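**Student:**
In this note's numbering, the protein residues as written are 440 to 511.
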């Protein structure tokens, strides 16, 4: 079944404080891109609240788990 991402949240930290960004599409926002550029090697990005639409029946679903990426 084909699915399309239609929204998600990105969590990272700045000066030790958690920061949350929200996208209402399948792309990183300008704020997200700027934050990613500032993350040092060894830092991580956490994607949660990933909303997808089943393109076959139009049903919107939120994925149960998130995705964590560690920058190397």
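Glycine is no exception: its CB is placed at the ideal position from the N, C-alpha and C atoms.
Please read all numbers here as calculations on a predicted model, not as lab measurements.
Considering only residues of the same chain and omitting the five flanking positions on each side of residue 479, which have a CB-CB separation below 8 angstroms?
**Tutor:** The answer, listed in chain order, is 510.
**Student:** Judging by CA-CA distance, which residue of 473, 444, 457 and 496 is the nearest neighbour of residue 466?
**Tutor:** The shortest C-alpha separation from residue 466 is found at 444.
**Student:** Do residue 450 and residue 457 have their C-beta atoms within less than 8 angstroms of each other?
**Tutor:** Contact flag set, yes.
**Student:** Pick helix, strand or coil for residue 443, following the three-state DSSP scheme.
**Tutor:** Residue 443: strand per DSSP, three-state reduction.
**Student:** Cα-Cα, which of 483, 475 and 488 is closest to residue 463?
**Tutor:** Out of 483, 475 and 488, 488 has the C-alpha closest to the C-alpha of residue 463.
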